[in-house]
Amino acid sequence: MSEARALAWRHYLEQGWPGLSIAVSVDGQTVWAEGFGYADLEQRVPVWPTTKFRVGSISKPLTAAAAALLYAEGRLDVDAPVQRYVPAFPEKRWPVTTRQLGGHLAGIRHYRGDEFLLREHFDTVVDGLALFAADTLLFEPGTRYRYSSYGWNLISAVIEGAAGQDFLRVMQERVFDPLGMRNTVADHVDSLITQRVRFYARDEAGRLVNAPFVDNSYKWAGGGFLSTTEDLLRFANAHLGDDFLPPEARTLLFTEQRTSAGEGVGYGFGWALGTDAAGRRVISHSGGSVGGTSILLIQPETRVVVVALVNLSGADLRLGREVFDRFVAAVAAE
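Under my numbering, the residue at position 312 of the sequence shown is numbered 340, and the numbers go up by one with no gaps.
Written as structure tokens, this is what we have:
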């Protein structure tokens with residue numbers, strides 16, 4: 029523990045982060061959760077394990093859990109064309125399925141130009157599809173891997189169609205409430221959200237400045253949630269047993285997808301899949317947002333989970349992996 033804390037302090041100080049929250053659990057029990065620095069530099073508000081950060085693309089695993097539950101219940105056919113659930117989405121040259129979207133194999137494009145910095149508000153997830161719905165596919169679905177947050181925006185509309193409910197309501201009722209994730213919410217810019225950090229970036233001289241204003245309502249599923257290290261530990265640990273997700277749901281999430289040529293892409297359904305230096309499985313996702321950087325790592329056999337969150341654009345969060353590797357090695361050696 030002292031070694032991990034020293035690592036955290038070193039990274040925090042050397043990289044000059046505004047604030048850092050980091051937490052570790054082993055076999056479902058939190059063994060370390062600590063905040064460093066400030067949620068708000070101007071007001072000197074400290075970071076706590078309950079401080080809410082933008083988690084960026086960790087929103088994808090959150091969304092994947094809801095999709096996997098609907099799949100396990102037979103309410104979502106992940107191999108059906110998406111128009112079954114989102115009739116308003118234009119048909120393309122080739123059919124697009126939810127499974128392909130979930131593995132970044134669908135040919136849907138990623139951000140273009142300044143879209144990552146959008147300030148426009150979208151009232152519904154279907155409204156947000158207008159940003160890319162008319163675009164042609166980049167390639168025939170299944171033939172290539174190309175990371176796409178917009179593909180996950182389309183999945184949120186699929187979830188609405190399959191569940192017959194608003195996407196954010198599905199997330200609240202099916203994921204956040206059952207897991208006690210009381211501090212995980214959509215990043216509504218016009219709402220008063222307690223313990224939400226201030227968001228920072230660096231200017232051309234490398235100085236900390238306030239990050240530009242953005243409205244993430246166009247991409248709740250792709251990168252629009254706020255969460256805490258405490259909540260994300262709960263979420264990750266729920267994937268290590270059958271109480272929350274039945275086996276068929278976890279099989280969907282954690283089976284590596286392959287191209288039509290049989291090439292593995294290192295990604296399941298909403299989760300990156302890999303191994304560590306010792307060949308142990310690593311299930312993870314990172315996130316980058318305006319004013320936020322995040323990482324979540326799971327090692328299923330040792331049941332180690334690590335979460336690290338920083339309120340800064342483009343932070344180098346190798347700290348998360350360094351802490352993770354140390355805890356996994358220590359538990360494996362017991």
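Where is the CB? At the ideal position from N, CA and C, for every residue including glycine.
Supposed close pair residue i, residue j - CB separation, criterion 8 Å
{"i": "Ala277", "j": "Met199", "result": "Not a contact, Cβ separation roughly 15 Å."}
{"i": "Lys80", "j": "Val293", "result": "At roughly 32 Å, the Cβ-Cβ gap does not stay under 8 Å, so Lys80 and Val293 are not in contact."}
{"i": "Val351", "j": "Val52", "result": "7 Å"}
{"i": "Ala343", "j": "Gln43", "result": "7 Å"}
{"i": "Asp215", "j": "Gly252", "result": "5 Å"}
{"i": "Met209", "j": "Asp259", "result": "4 Å"}
{"i": "Ser207", "j": "Ala266", "result": "Strictly speaking, residue 207 in this sequence is Leu, with Ser absent from that position. Their Cβ separation, rounded to whole angstroms, is 5 Å, which keeps Leu207 and Ala266 in contact under 8 Å."}
{"i": "Val73", "j": "Gly63", "result": "Going by Cβ atoms, the distance from Val73 to Gly63 rounds to 10 Å, so no, they are not a contact pair."}
{"i": "Ala161", "j": "Pro118", "result": "6 Å"}
Nearest neighbour of residue i, chosen from the options [CA to CA]
{"i": "Val59", "options": "Arg331, Leu347 and Leu337", "result": "Arg331"}
{"i": "Ala134", "options": "Ala51, Asp142 and Pro123", "result": "Pro123"}
{"i": "Val338", "options": "Ala92, Ala229 and Arg308", "result": "Ala229"}
{"i": "Val83", "options": "Trp76, Arg127 and Thr257", "result": "Thr257"}
{"i": "Ala116", "options": "Tyr175, Asp155, Gly63 and Pro89", "result": "Asp155"}
{"i": "Gly189", "options": "Asp55, Val153 and Gly208", "result": "Val153"}
{"i": "Val359", "options": "Thr212, Leu345 and Glu329", "result": "Glu329"}
{"i": "Ile86", "options": "Asp259, Asp142, His313 and Tyr295", "result": "His313"}
{"i": "Arg33", "options": "Pro118, Phe227, Gly348 and Gln327", "result": "Gly348"}
{"i": "Asp163", "options": "Tyr139, Val310, Ser184 and Pro240", "result": "Tyr139"}
{"i": "Leu220", "options": "Ala233, Leu254, Val203 and Asp194", "result": "Leu254"}
{"i": "Glu362", "options": "Ala36, Val54, Leu35 and Pro46", "result": "Val54"}
{"i": "His132", "options": "Phe160, Ile311 and Phe297", "result": "Phe297"}
{"i": "Ala108", "options": "Gly269, Ile183 and Asp194", "result": "Ile183"}
{"i": "Leu236", "options": "Ala61, Met29 and Gly47", "result": "Gly47"}
{"i": "Gly269", "options": "Ile326, Arg147, Lys120 and Leu159", "result": "Ile326"}
{"i": "Arg174", "options": "Tyr295, Val310, Lys120 and Trp37", "result": "Tyr295"}
{"i": "Ala264", "options": "Trp45, Gly56 and Phe227", "result": "Gly56"}
{"i": "Phe195", "options": "Gly315, Leu90 and Glu291", "result": "Leu90"}
{"i": "Ala191", "options": "Asp353, Arg38, Gly316 and Ala96", "result": "Ala96"}
{"i": "Asp353", "options": "Phe227, Ile311 and Gly315", "result": "Ile311"}
Rounded separation between residue i and residue j - CA only
{"i": "Asp151", "j": "Asn181", "result": "13 Å"}
{"i": "Val333", "j": "Ser322", "result": "14 Å"}
{"i": "Arg137", "j": "Arg197", "result": "27 Å"}
{"i": "Gly320", "j": "Val186", "result": "27 Å"}
{"i": "Ser49", "j": "Tyr40", "result": "10 Å"}
{"i": "Ala357", "j": "Arg202", "result": "34 Å"}
{"i": "Arg346", "j": "Phe355", "result": "15 Å"}
{"i": "Leu157", "j": "Gly250", "result": "12 Å"}
{"i": "Leu165", "j": "Thr125", "result": "13 Å"}
{"i": "Pro240", "j": "Ser177", "result": "20 Å"}
{"i": "Tyr113", "j": "Ala233", "result": "48 Å"}
{"i": "Gln128", "j": "Leu104", "result": "14 Å"}
{"i": "His149", "j": "Asn238", "result": "20 Å"}
{"i": "Ser30", "j": "Trp299", "result": "30 Å"}
{"i": "Leu374", "j": "Ala336", "result": "What the structure shows of the chain is the stretch from 29 to 362, and residue 374 is not part of that stretch, so it cannot be assessed."}
{"i": "Asp205", "j": "Thr222", "result": "18 Å"}
{"i": "Leu24", "j": "Leu146", "result": "There is no way to answer for residue 24, as the model of the chain reaches only from 29 to 362."}
{"i": "Leu301", "j": "Lys88", "result": "14 Å"}
{"i": "Val106", "j": "Arg121", "result": "19 Å"}
{"i": "Ala92", "j": "Asn211", "result": "19 Å"}
{"i": "Trp37", "j": "Pro77", "result": "16 Å"}
Stretch-stretch touch, CB-based, cutoff 8 Å, three pairs: the region 286-305 with the region 158-177: Yes, they touch.
Sufficient close CB pairs (3 or more, under 8 Å) joining the region 239-257 to the region 268-282: The way I'd put it, the region 239-257 doesn't touch the region 268-282; fewer than three beta-carbon pairs between them come closer than 8 Å.
Determine, using beta-carbon pairs with one atom in the region 50-70 and one in the region 305-318, whether at least three such pairs fall under 8 Å. Touching, no, given that fewer than three Cβ pairs across the two stretches are closer than 8 Å.
Return the chain-ordered ranges of every alpha helix (DSSP H) run that is complete within the region 72-118 and spans a minimum of 4 residues. Counting only runs of 4 or more, we get 87-100.
Whole beta strand (DSSP E) elements within the region 241-286, 3-residue minimum: Entirely contained in the region 241-286, the beta strand (DSSP E) runs reaching 3 residues are, in chain order, 253-255.
Count Cβ pairs between the region 96-112 and the region 267-276 that sit closer than 8 Å; are there 3 or more? These segments touch.
Would you list, in sequence order, the uninterrupted beta strand (DSSP E) runs of no fewer than 3 residues that lie entirely inside the region 188-215? Look at the region 188-215 and you find no whole run of beta strand (DSSP E) that is 3 residues long or longer.
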